[in-house]
Amino acid sequence: MNVRRPFLALLCSSALCLAGCNSLPGNSEPQVLRKFESSQEEPSAISPIAGREPDLLVRDFYAASARPTGDYLSARNFMTAEASQRWNPRESTLVVNRIDLTTQPGADNSTHSYKIRGDVIGRLESDGTYRPENFLYEADVKLQQVDGEWRISSLPNGLVLERSELRNQYQPHELYYFDTTGKVLVNDRRWVYSANDSMNTTLVSLWAQGASEILKPAVNAHLPKDAEFIGAEDQTYRFSGLAGLDQGERLKLAAELVWTLSAARIPGPYGIEADGQPLLDSYDKYSTDDFAEYNPAVYAGSDPALYALTDKNLFQVTNNGLEDKNIAVAHSGDIRSAAIRADHSAAIVRSDGDKNRLWVGKIDARLDPSLSASSLTTPTFEYDSSAVWVVAEGRRVTRIVRSSTTGELAESVVDTTDLKKLDGDISVLRLSHDGTRAAFVVAGKLYTAIVQRPAAAERRLTQVIEIAPQLGDSVLAVDWQYDGSLVVGTSTPDNPVWRVELDGSAVTSLPSGNLTAPVVAVAASPSMLYVTDSHSTRQLPIGGEGGFFWREVPGLQGVRSALTVAN
1 MNVRRPFLAL LCSSALCLAG CNSLPGNSEP QVLRKFESSQ EEPSAISPIA GREPDLLVRD
61 FYAASARPTG DYLSARNFMT AEASQRWNPR ESTLVVNRID LTTQPGADNS THSYKIRGDV
121 IGRLESDGTY RPENFLYEAD VKLQQVDGEW RISSLPNGLV LERSELRNQY QPHELYYFDT
181 TGKVLVNDRR WVYSANDSMN TTLVSLWAQG ASEILKPAVN AHLPKDAEFI GAEDQTYRFS
241 GLAGLDQGER LKLAAELVWT LSAARIPGPY GIEADGQPLL DSYDKYSTDD FAEYNPAVYA
301 GSDPALYALT DKNLFQVTNN GLEDKNIAVA HSGDIRSAAI RADHSAAIVR SDGDKNRLWV
361 GKIDARLDPS LSASSLTTPT FEYDSSAVWV VAEGRRVTRI VRSSTTGELA ESVVDTTDLK
421 KLDGDISVLR LSHDGTRAAF VVAGKLYTAI VQRPAAAERR LTQVIEIAPQ LGDSVLAVDW
481 QYDGSLVVGT STPDNPVWRV ELDGSAVTSL PSGNLTAPVV AVAASPSMLY VTDSHSTRQL
541 PIGGEGGFFW REVPGLQGVR SALTVAN
């Protein structure tokens, strides 16, 4: 399909307001909607090693449990027939840092019992969604001799996976859905078993079942209730029950599906059929070029402007050093924090006597006064710069919008009812680049939430998750990277900077050999990470091309600044 302007215009103006599908997959290999059955072949099952010692056999069992094929046949091979019949692996899937075994009293030549312990760091939901957790798992596993070999005779229902096995046997994939405005595709991360020869249909099946429970408040339902994914053949994906969709809704459905498949490196172009006919008349193949304006990686390769807040003055960082041209308030001497966008939209917090005041407008032109409070966090913009958020007095999350008719600034309070259980003030708040998620810090702990739009001018923070409990209460700064992960600055001396995945499935320390905690400010561009430690402001190329040492930002050598990326 070639890009056709009339179709794209229709795609931009049509809302996809459809009911969601039902029938979620089991905790084993992802199942698909109703009629379609995957052609996934069964890899060779693992069998116990002859003469294996009981403790090693238990460890082998937990490794085999990461293979869901054949109704967990590999894991069942380590059990007695009776235990295999009783065991229900789909009850839950816990991810632990590691599994520890302790022999229980009363072992003899025919029976053994072990206490299993592990620090739970996450949970895999039935649809492949990962949720961070933080508690201790304990269970009893019993073994007995069967024909001279140890076999597990008693164990709890559910799966327990070591983190390493999750990484070895599963892969994260991104499903895409339009946000409630219909303007931007939002990623929904799922973990899928890697040894899958029908990954394309597995992903389409998960996609067709709708967004995860976590993401649902921020996206549109995209398929009618009676829709079915029938199957795929020759790169053509077939659905039924789509007769009620208009052309705009069909185009959005195609955009979601094409970007989902492309992100998983499934070869295209892709055909889509609805009720036995091409999804759109006369167009039977699609590629990402047809939906380029919805590219989830649209920022990749861009080089946004960089600004530095130094001694309460604001400058642009260029190859020639610090410049103040086109910055109306460059030398005001009262700037506390700033957020700037590529279109020069700006939100700046300035000292105002014993209070702070937010100013909103254009960095190179007029800034108008807005909210005043004793404390204001660094402002953060929504997706299209039309609104800016700030936290006043540590708790009141406020959204400021300029009226398109009067030009006046209007304030509204964001619904933070779901945050009331958190003990402490919000010290940092950052909206994601697509505007559907928020990352924030309360009492040194890092949380994420989904941004819901109950009505056009209303916002609510919901689905609150402590995304990196491993970091404790050490978090001081956070920013969104362009791949959806978070860069986090902390007070931890040995590892002051961390990368946290969107779903919390990994919390990884970044190089820190020449950083000195605390790291009080962080920022991210498509190609560079920036931090401010106790001595200076430094940068590190994303992807490790520049080695493992943070270098001072050119133009800011010896200067301790807070940086802002104009995304």
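Here the sequence shown is numbered in UniProt numbering, starting from 1 and rising by one per residue.
Glycine included, C-beta positions come from ideal geometry on N, C-alpha and C.
A contact between stretches requires three or more CB pairs, one per stretch, nearer than 8 Å, and the region 370-380 meets this requirement with the region 417-428. Taking the C-beta atoms as reference points, Asp415 is found no nearer than 8 Å to Leu358. Contact between Leu446 and Val500 holds: their C-beta atoms lie close to 7 Å from each other, under 8 Å. Residue pairing from DSSP places Arg551 in a beta bridge opposite Gln539. Cβ neighbours of Leu322 within its own chain (closer than 6 Å, five residues either side excluded): Phe315 and Gly555.
Pairing Val360 with Ser386, the inter-Cα distance amounts to about 11 Å. Fully enclosed beta strand (DSSP E) runs of no fewer than 3 residues occupy 185-193, 228-233, 236-240 and 271-274 of the UniProt domain "GerMN" (175-279), in order along the chain. Inter-residue distance for Gly424 and Ser287 is about 48 Å (C-alpha atoms, whole angstroms). The alpha carbon of Gly394 has as its nearest neighbour, out of Leu419, Arg151, Val388 and Tyr307, the alpha carbon of Leu419.
In the DSSP annotation of this structure, the continuous segment of the beta strand (DSSP E) that includes Tyr114 starts and ends at Thr111 to Leu124.
With a threshold of 16 other beta carbon atoms within 10 Å, Asn134 falls short and is exposed.
For Asp473, the number of other beta carbons within 10 angstroms of its own is below 16, and it is reported as exposed. For the pair Leu309 and Asp275, the CB atoms are not nearer than the 8 Å cut-off. If the five residues before and after Trp259 are omitted, its C-beta is found closer than 8 Å to the C-beta atoms of Tyr176, Leu185, Thr288, Phe291, Tyr294, Asn295 and Pro296, all from its own chain and listed in chain order. Short of 7 Å from the beta carbon of Asp119, and not among the five residues preceding or following it, lie these beta carbons of its own chain, in chain order: Val96, Asn97 and Leu136. Three or more beta-carbon pairs separated by less than 8 Å link the region 463-472 to the region 435-450, which places the two stretches in contact. In the structure shown, the three-state DSSP call for Arg163 is helix. By the neighbour-count criterion, in which 16 or more other beta carbons inside 10 Å mark a residue as buried, Val413 falls on the exposed side. DSSP, reduced to helix, strand and coil, places Pro369 within a strand of the structure shown. If you look at Arg151, you'll find it in the beta strand (DSSP E) that goes Glu149 to Ser154. Cβ atoms of Ala232 and Thr202 stay farther apart than 8 Å, at about 10 Å.
A direct Cα-to-Cα measurement between Pro278 and Arg265 gives close to 23 Å.
Here Asn88 carries a coil assignment [DSSP, helix/strand/coil]. Note on Ala506: 16 or more other CB atoms within 10 angstroms of its CB, so buried under the neighbour-count rule. Non-local beta-carbon contacts of Arg551 in its own chain, meaning distances under 8 Å to residues more than five positions away in sequence, involve Arg538, Gln539 and Leu540 in chain order.
For Ala346, the closest C-alpha among the options Asp503, Asn326 and Leu257 is that of Asn326. At a Cβ-Cβ threshold of 8 Å, Val531 and Val478 do not count as neighbours.
Shown here, Tyr383 sits in coil according to DSSP, grouped into three states, outside any helix or strand. When C-beta atoms of the region 208-223 are compared with those of the region 121-133, three or more pairs fall below 8 Å, so the two segments count as touching.
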